[in-house]
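Peer 1: Quick one: this structure, given as structure tokens, is what I'll be asking you about.
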Ligand SMILES: C[S@@+](CC[C@H](N)C(=O)[O-])C[C@H]1O[C@@H](n2cnc3c(N)ncnc32)[C@H](O)[C@@H]1O
């Protein structure tokens, strides 16, 4: 654990609860050996993957980031009123911590805990944030939130609020999303709250464009997964022989992202060999889209009570606040 006190007296700490490389190896072999083949989306996020995702957020087509930011800015007074001040603010999957910057001055949390699987990126972004908000205690936690939600730092008697923006919840299958929300309810406890960004069902053109940007950053993000497996697990994926594919599956209300093998080919990962047929895919991500009502029903089943929903005028995206059911 690193401990650092910056000039103005606030604290920056880093807690490393990162999964081991062997977990990465086991999960990749299991996913590629399944029918159909898949790779869990959490593995997108090595340092380059996190930088590429930050690039996706700035593309013209990727409406979720700018829409969620606009919702926060337009409703900041009401958000402050609903959430109160002085909480312990926990952000699972914090990435660049870009949206929380809009909240910190009004919420005045006693401490901010950004949590992410992408260790170097998390540390860089959390240190930047600590320098920008010298009054704030920042406790960065590198962890896999699908395996542990344990907080290595708490403040007794302070309300805990989880901030989970970016519709990262959409990456879970609906039953897993419900379990994850239950874990959050447990983590924040009886007086706790959840402020969550949820992407909404809409027409396919907007959705398909958002995951197929013209500059090709989303394609590079998807393919970076194979580059990472080559580098960290000694595999021999030929990146020129796989292409990015993303489309809206209306029946399942989700964007699916795949990597498509362009030819019949063999790929080795250490002593394992995988045979790909031409056109065969590796399913790399889902991004589920919800109606407000369906999401609220799921959150209720997970132990939350809806308090308030904010959306943009076109109802592309929603920011929803829940309290824990007593
Ligand atoms: C879709 S991005 C959202 C980033 C940011 N919250 C936003 O709103 O733009 C998902 C973030 O969650 C992190 N992440 C994904 N799976 C994770 C896991 N299993 N455990 C911890 N962090 C994870 C990624 O590293 C990434 O920063």
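Residue numbers (this note's numbering): 20 to 345. The beta-carbon is built from N, C-alpha and C at its ideal position, and this holds for glycine as well. Remember, predicted model here, so these are calculated numbers, not experimental data.
Run through DSSP, which three-state label would residue 19 get?
Peer 2: Lying outside 20 to 345, the shown extent of the chain, residue 19 is not represented and no answer is given.
Peer 1: For residue 56, tell me which candidate among 164, 62, 63, 47 has the shortest Cα-Cα distance.
Peer 2: In the chain shown, counting from the first residue as 1, residue 56 sits at position 37. Minimum Cα distance to residue 56 is reached at 47.
Peer 1: With a floor of 3 residues, list each beta strand (DSSP E) that falls wholly inside the region 286 to 333, ordered by position along the chain.
Peer 2: List check, beta strand (DSSP E) in window: 291 to 295, 300 to 307, 323 to 330.
Peer 1: I'd like to know if the region 296 to 311 and the region 255 to 275 are in contact, where contact means that at least 3 CB-CB pairs between them fall below 8 Å.
Peer 2: Output reads yes: the region 255 to 275 touches the region 296 to 311.
Peer 1: When the Cα atoms are used, what is the spatial distance from residue 10 to residue 263?
Peer 2: Because residue 10 is not part of the residues shown, which for the chain are 20 to 345, the question remains open.
Peer 1: Could you compute how far the alpha carbon of residue 21 sits from the alpha carbon of residue 34?
Peer 2: Start at 1 with the first residue of the chain shown, and residue 21 comes out as number 2. Start at 1 with the first residue of the chain shown, and residue 34 comes out as number 15. Here the model assigns residue 21 a pLDDT of 48, short of 50, so the residue's position is not dependable and the matter cannot be decided.
Peer 1: With a floor of 4 residues, list each alpha helix (DSSP H) that falls wholly inside the region 54 to 127, ordered by position along the chain.
Peer 2: With a minimum length of 4 residues, the continuous alpha helix (DSSP H) runs that stay inside the region 54 to 127 are 66 to 76, 82 to 93, 95 to 102, 120 to 126.
Peer 1: Any chance the region 252 to 259 sits against the region 288 to 295, with 3 or more Cβ pairs inside 8 Å?
Peer 2: Flag = yes, the region 252 to 259 and the region 288 to 295 touch.
Peer 1: Based on the DSSP secondary-structure assignment, which residues constitute the bridge partners of residue 268?
Peer 2: Locating residue 268 in the chain shown gives position 249, where the first residue counts as 1. Answer is 273, bridged to residue 268.
Peer 1: Could you check what DSSP says for residue 164 in three-state terms: helix, strand or coil?
Peer 2: Reading the chain shown from its first residue, position 145 is the one you call residue 164. It is coil, neither helix nor strand.
Peer 1: If you draw a straight line from the C-alpha of residue 26 to the C-alpha of residue 209, how long is it?
Peer 2: By 1-based counting over the chain shown, the position of residue 26 is 7. By 1-based counting over the chain shown, the position of residue 209 is 190. In this prediction, residue 26 scores a pLDDT of 44, lower than 50, which makes its location untrustworthy; no coordinate-derived value is stated.
Peer 1: Could you check whether residue 218 and residue 186 sit closer than 7 Å to each other, using their CB atoms as the reference points?
Peer 2: As a first step, residue 186 is located in the chain shown; it is residue number 167 there, counting from the start. As a first step, residue 218 is located in the chain shown; it is residue number 199 there, counting from the start. The answer is yes: Cβ separation under 7 Å.
Peer 1: Give me the Cα-Cα distance between residue 231 and residue 73, rounded to the nearest whole angstrom.
Peer 2: In the chain shown, counting from the first residue as 1, residue 231 sits at position 212. In the chain shown, counting from the first residue as 1, residue 73 sits at position 54. Residue 231 and residue 73: Cα-Cα distance of roughly 15 Å.
Peer 1: Could you check which residue in 105, 269, 113 has the C-alpha nearest to that of residue 124?
Peer 2: Counting from one through the chain shown, the residue named residue 124 turns up at place 105. Nearest C-alpha to residue 124: 105.
Peer 1: Would you check if there are 3 or more beta carbon pairs closer than 8 Å linking the region 110 to 129 to the region 147 to 157?
Peer 2: The region 110 to 129 vs the region 147 to 157: in contact.
Peer 1: From the DSSP output, in three-state form, read off residue 146 for me.
Peer 2: Within the chain shown, the letter at position 127 stands for residue 146. Reduced to three states, the DSSP call for residue 146 is helix.
Peer 1: Can you tell me which of the three DSSP states residue 141 falls into?
Peer 2: Counted from its first residue, the chain shown places residue 141 at position 122. Looking at residue 141 - three-state DSSP - the assignment turns out to be helix.
Peer 1: May I have the straight-line CA-CA distance separating residue 198 from residue 168, to the nearest angstrom?
Peer 2: Counting from one through the chain shown, the residue named residue 198 turns up at place 179. Counting from one through the chain shown, the residue named residue 168 turns up at place 149. Each residue's alpha carbon lies about 12 Å from the other.
Peer 1: Only counting the same chain, and skipping five residues up and downstream in sequence, which positions put a Cβ closer than 8 Å to that of residue 336?
Peer 2: To locate residue 336, count along the chain shown from 1; it is residue 317. Within the same chain, residue 336 has close Cβ partners 82, 83, 86, 87, 90, 186, 216, 217, 218, 219, 330.
Peer 1: What is the chain-ordered set of residues for which the beta carbon lies under 5 Å from any non-hydrogen atom of ligand 1?
Peer 2: Result: 61, 64, 112, 114, 135, 136, 137, 163, 164, 165, 184, 185, 187.
Peer 1: Going by DSSP, what residue range makes up the beta strand (DSSP E) through residue 343?
Peer 2: Working through the chain shown from its first residue, we reach residue 343 at position 324. 336 to 343 is the extent of the beta strand (DSSP E) around residue 343.
Peer 1: CA-CA distance, residue 110 and residue 100?
Peer 2: Along the chain shown, read from residue 1 onward, the residue named residue 110 stands at position 91. Along the chain shown, read from residue 1 onward, the residue named residue 100 stands at position 81. If I take the Cα positions, the gap works out to 19 Å.
Peer 1: Using the Cα positions of residue 120 and residue 268, report the straight-line distance between them to the nearest angstrom.
Peer 2: Taking the chain shown and counting its residues from 1, the one referred to as residue 120 is at position 101. Taking the chain shown and counting its residues from 1, the one referred to as residue 268 is at position 249. Each residue's Cα considered, the two are about 34 Å apart.
Peer 1: What's the C-alpha gap between residue 53 and residue 278?
Peer 2: One-based indexing of the chain shown puts residue 53 at position 34. One-based indexing of the chain shown puts residue 278 at position 259. If you take the alpha carbons of residue 53 and residue 278, they lie about 15 Å apart.
Peer 1: From which residue to which residue does the beta strand (DSSP E) around residue 202 run?
Peer 2: As a working mapping, residue 202 is identified with position 183 in the chain shown. Unbroken run through residue 202 is the alpha helix (DSSP H), 193 to 207; no beta strand (DSSP E).
Peer 1: Mind checking which residues open and close the beta strand (DSSP E) that includes residue 180?
Peer 2: For the purposes of this step, residue 180 is taken as residue 161 along the chain shown, with counting starting at 1. Where residue 180 is concerned, the enclosing beta strand (DSSP E) stretches over 179 to 183.
Peer 1: Going straight from the alpha carbon of residue 116 to that of residue 266, what length do you get?
Peer 2: Translated into positions along the chain shown, residue 116 becomes position 97. Translated into positions along the chain shown, residue 266 becomes position 247. Each residue's Cα considered, the two are about 28 Å apart.
Peer 1: Determine the closest residue to residue 179 out of 195, 194, 212, with distance taken between C-alpha atoms.
Peer 2: One-based indexing of the chain shown puts residue 179 at position 160. Of the candidates 195, 194, 212, the one whose C-alpha sits nearest the C-alpha of residue 179 is 212.
Peer 1: Just to confirm my understanding: we take residue 310, look at its own chain, exclude 5 residues before and 5 after, and list those with CB closer than 6 Å. What are they?
Peer 2: Start at 1 with the first residue of the chain shown, and residue 310 comes out as number 291. Around residue 310: 220.
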